[in-house]
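J.: Pasting in a structure now, in structure tokens, and then I'll have a few things to ask.
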Amino acid sequence: MDISIRNFGTISQADVKIGGLTVIAGENDTGKSTVGKILFSLVKASARYEEDLKEDKEYKIVSLAEKIYFTIRRNVNLNDYPLLREQYHPRKFFDNIRIYQESAIYERKLSILDLFENKKISSQIYGYIDNVLDEIREVFNEDDDRKSIIAKAVKKAFYSEFRGEIFPKGRAYVKTCSVNIRDGQSELIHIDWDRDGVNKFDYFDDLGFDDATFVDTPSIIQFHSFTDMANTLFDVSNSRSGFTVPLHIKDLSTKIKESIYTYNLFDDFYHINHNLSNTYKGKLYYDKDSSEFLLDRGNYKINSSNVASGIKSLGIFDILVQSGHASHNSLLILDEPEINLHPKWQVEYARNIIELIKLGANIIVTTHSPYMLEALKGFCNKFYLEHNFYLAKRNEDSSELINITNRIEDAIHELSIPLFQLNEELYDDF
1 MDISIRNFGT ISQADVKIGG LTVIAGENDT GKSTVGKILF SLVKASARYE
51 EDLKEDKEYK IVSLAEKIYF TIRRNVNLND YPLLREQYHP RKFFDNIRIY
101 QESAIYERKL SILDLFENKK ISSQIYGYID NVLDEIREVF NEDDDRKSII
151 AKAVKKAFYS EFRGEIFPKG RAYVKTCSVN IRDGQSELIH IDWDRDGVNK
201 FDYFDDLGFD DATFVDTPSI IQFHSFTDMA NTLFDVSNSR SGFTVPLHIK
251 DLSTKIKESI YTYNLFDDFY HINHNLSNTY KGKLYYDKDS SEFLLDRGNY
301 KINSSNVASG IKSLGIFDIL VQSGHASHNS LLILDEPEIN LHPKWQVEYA
351 RNIIELIKLG ANIIVTTHSP YMLEALKGFC NKFYLEHNFY LAKRNEDSSE
401 LINITNRIED AIHELSIPLF QLNEELYDDF
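The sequence shown stops at residue 430 when you use the UniProt record's numbering, and every number in between is there.
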């Protein structure tokens, strides 16, 4: 699969292959994370299609049912008609129509007719309610507009991740930006933006991933309780008020907490979990009773607040592997996984990434560590694994991704320049 990006945020141009291992190296603020966030947003939006469709239809029907309920309440004393109150309660009405469909609407049409014939409501009110019931029938029976629902989900996912900052800052001459994804000869998704928003959205087929996970900070272990209370801007029913977090933060928090219910029973991954556990000398897990993450070291357990960040980083990776979020039909995005890790542990992290690739996983890694870069490239070559390496290189006012699969020394040199400069500064007098 190939993703082509033009003038999106910091990136002026990027053409990246996804499949097996994809590594994007570079300095800070070069757009390394952008590719992963775009793919995460698109996979999430696509995977949420069915759920979004149901939520969208539910929202429309409940809104119409509320119109009927409040109209009746203003014209009929519902204290005298408890069954009427029950029948037209918006949420109960929706549940009823979901189960009984047309008969639920027909039953309510009869009850409204009865109110009219008994002179409890006027002909005008009767006509209004009858028309709204017809609207509810139309919404319930309307064909699923898959493209528009996915377009709406994509818009929300992008806003949740990028907060609307898709167009490059400081480049007024840029008039359009785009994302295009292909699988061989087949185009899957094409999106164009102008400064007023999306002006073209073509969705031809799914990306082929059931799910995506974006990992960028071990601090989620410490602050998971805050993310539980937070909203994202992705949910249809979200009120857009209160504390909000990016979609990938909420998603990761939910996954690592729910890992206690999704233990991977397949032996294929056991050796990876065993390797990781041996590296950080224990097992990180979520304890439901205390609502805390604990490090189990056999004879004793340590609260996550007293656990090193490097252990949390490896522990999150361990949990995701254990709970099946690094399988062949999902996309795992590891954003600068080397942070908080000693070079020795960076190599071990890379080694276990490679073990997942051997099992068919699809992983994107962004990094500014020469150790991580060298280890991933070396292991890929050693085991003849599918891989693509890129360098995010900054130009005057933007950055572009350059394919360095066959020459990673370019990236290693780029990442090592600060050390060379430091040596020159410290030893130029000798």
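Backbone N, C-alpha and C fix where the C-beta goes; we use that ideal spot for every residue, glycine too.
1. Please state whether DSSP places L401 in a helix, a strand or coil.
2. Which one of G197, D318, A308, I99 has the shortest CA to CA distance from K255?
3. Buried or exposed: where does E51 fall if 16 or more other Cβ atoms within 10 Å of its Cβ makes it buried?
4. Does DSSP put A172 in a helix, in a strand, or in coil?
5. Can you give me the C-alpha to C-alpha distance between D287 and F293, rounded to a whole angstrom?
6. Which complete beta strand (DSSP E) runs does the segment 265-302 hold, if anything under 3 residues is left out?
7. Closer than 7 Å by C-beta to Y106: which residues in its own chain qualify, once you throw out the five before and the five after it? Chain order, please.
8. How would you label H271, buried or exposed, when you count the other beta carbons within 10 angstroms and need 16 or more for buried?
9. Do E400 and Q101 have their C-beta atoms within less than 9 Å of each other?
10. Which residue spans inside the segment 329-412 form an unbroken beta strand (DSSP E) run of at least 3?
11. From the DSSP secondary-structure annotation, give me the bridge partner or partners of L21.
12. Can you find a CB in chain B that lies within less than 9 Å of the CB of S291?
13. Around the C-beta of E348, are 16 or more other C-beta atoms found within 10 angstroms, so that it is buried, or is it exposed?
14. Short check: CB of L284 to CB of K257, under 9 Å?
15. Quick test of the definition: if touching needs 3 or more C-beta pairs under 8 Å, does the segment 86-95 touch the segment 119-128?
16. Pick out the complete alpha helix (DSSP H) segments inside the segment 108-152, 4 residues or longer, and give them in chain order.
17. Buried or exposed, going by whether 16 or more other CB atoms sit within 10 Å of the CB of Q421?
T.: This is what the structure gives:
1. strand
2. D318
3. exposed
4. coil
5. 6 Å
6. 283-287, 292-296
7. none
8. exposed
9. no
10. 330-335, 362-367, 387-394, 399-403
11. I363, H387
12. In the displayed structure, chain B is absent; only one protein chain is listed.
13. buried
14. no
15. no
16. 123-141
17. exposed
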